[in-house]
Amino acid sequence: MISEKAEIRKEYKRKRAALSEDEKERRSGAIFIQFLAWLENWSSSKTVHMYFPIKKQGEVNTFPILHWFWESGWSVFGSLIDQETGKMVSARIPQNTHFVEDSWGIPIPQEVERVPAEKFDLILVPLLAYDQEGWRIGFGKGYYDQFLAGLDFQPVKVGLSFFDPEEKLAHEAHDIPLDYCITPEKVIRF
């Protein structure tokens, strides 16, 4: 199973790398539009936990979504990796937070307050690939599955992808599926 996941990771890294920067931005913009249309049906709650894109990994650009959340009065939380424990922790991301890329190219929010994972209703989860049942493959560190498993509440889990789903991906007992995935063309509910 691990070698199958490794092959899927390689394939989707290649697929992303084959997209021009302009095409990634075009697709990211289309995902943003699909996301906003989906969000119109969202409840009145306005609390989200989200990831910030690793540009050199070709991830969907979530910064326009972040700015929209700020401008719309949402409470925004993001992810940090605690260097001592190696675990993902939550941080409040106030409006106009400045980001600096670390040595891995990960945008790190500066001067933010680490907080216990407060109850948020929605979480944007990074992925490389996903399938028709909502199982996802990330970069293989398990940060998000561990983080989600440690919550005492269940937020709606949303992936963002440039690509359509695979038919079926291998998954393990500790993996946590998505509830939705948003592509440039559509919103998929699992």
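Just add 255 to wherever you are in the sequence shown, counting from 1, and you've got the numbering used here. Every residue gets a Cβ at the ideal spot worked out from N, C-alpha and C, and that includes glycine. None of the values given here were measured: they were computed from a predicted structure.
For this session: Along the beta strand (DSSP E) that carries Phe332, what are the first and last residues, could you check?
Result: Counting from 1 along the sequence shown, the entry for residue 332 is found at position 77. 330-336 is the span of the beta strand (DSSP E), which, as asked, contains Phe332.
Problem set entry | Gly341 - DSSP class collapsed to helix/strand/coil | Along the sequence shown, read from residue 1 onward, the residue named residue 341 stands at position 86. Looking at Gly341 - three-state DSSP - the assignment turns out to be coil, as it is neither helix nor strand.
For this session: Entirely within the region 286-317 and at least 3 residues each: give me those beta strand (DSSP E) ranges in chain order.
Result: 302-305
For this session: Figure out for me which residue from His304, Phe394, Lys311 has the closest Cα to the Cα of Ser358.
Result: Here residue 358 refers to the residue found at position 103 of the sequence shown. Per the Cα distances, Lys311.
Exercise. In this structure, what does DSSP give as the bridge partners for Tyr435?
Worked result: Residue 435 sits at position 180 when you count from the first residue of the sequence shown. Paired residues: Val413, Arg444.
For this session: Please report the residue range of the alpha helix (DSSP H) in which Leu403 lies.
Result: The residue given as residue 403 occupies position 148 in the sequence shown. Counting along the chain, the alpha helix (DSSP H) containing Leu403 begins and ends at 398-404.
Problem set entry | Among Val315, Trp390, Ala261, nearest to Glu427 - alpha-carbon criterion | For the purposes of this step, residue 427 is identified with residue 172 of the sequence shown, where counting begins at 1. The residue with the shortest Cα to Cα distance from Glu427 is Trp390.
Problem set entry | Extent of the continuous beta strand (DSSP E) to which Ile363 belongs | Residue mapping note: residue 363 aligns to position 108 of the sequence shown, counting from 1. Unbroken beta strand (DSSP E) run through Ile363: 362-364.
For this session: In the DSSP assignment, find the unbroken beta strand (DSSP E) run with Ile380 in it and report its ends.
Result: Stepping through the sequence shown from its first residue, residue 380 is reached at position 125. Inspection of the sequence shows that residue 380 is occupied by Val rather than by Ile. 377-380 is the extent of the beta strand (DSSP E) around Val380.
For this session: Indicate the three-state DSSP secondary structure (helix, strand or coil) for Ile348 in the structure shown.
Result: Working through the sequence shown from its first residue, we reach residue 348 at position 93. Ile348 falls in the coil class under three-state DSSP.
For this session: Measure the alpha-carbon distance for Ile443 versus Lys423 and round it to whole angstroms.
Result: As a working mapping, residue 443 is identified with position 188 in the sequence shown. As a working mapping, residue 423 is identified with position 168 in the sequence shown. So the two alpha carbons sit approximately 15 Å from each other.
Problem set entry | Contacting residues, own chain, Cβ-Cβ under 7 Å from Ala285 (five flanking each side not counted) | In the sequence shown, counting from the first residue as 1, residue 285 sits at position 30. Excluding residues within five positions, the ones whose Cβ falls inside 7 Å are Pro439.
For this session: Excluding the 5 residues preceding and the 5 following Glu259 in the sequence, name in chain order all residues of the same chain whose CB lies nearer than 7 Å to its CB.
Result: Against the sequence shown, residue 259 aligns to sequence position 4. So the list reads Ala425, once near-sequence residues are dropped.
Exercise. Which residues does DSSP pair with Arg391 in a beta bridge?
Worked result: Taking the sequence shown and counting its residues from 1, one reaches residue 391 at position 136. Partner(s): Tyr385.
Problem set entry | Three-way DSSP call (helix, strand, coil) for Glu421 in this model | Within the sequence shown, numbered from 1, the residue matching residue 421 stands at position 166. Reduced to three states, the DSSP call for Glu421 is strand.
For this session: Reducing DSSP to helix, strand and coil, say where Phe324 ends up.
Result: Start at 1 with the first residue of the sequence shown, and residue 324 comes out as number 69. In the structure shown, Phe324 sits in a helix (DSSP, three-state: H, G or I).
Exercise. Secondary structure at Glu259, three-state DSSP: helix, strand or coil?
Worked result: Mapped onto the sequence shown, residue 259 falls at position 4. Note: Glu259 maps to helix in three-state DSSP.
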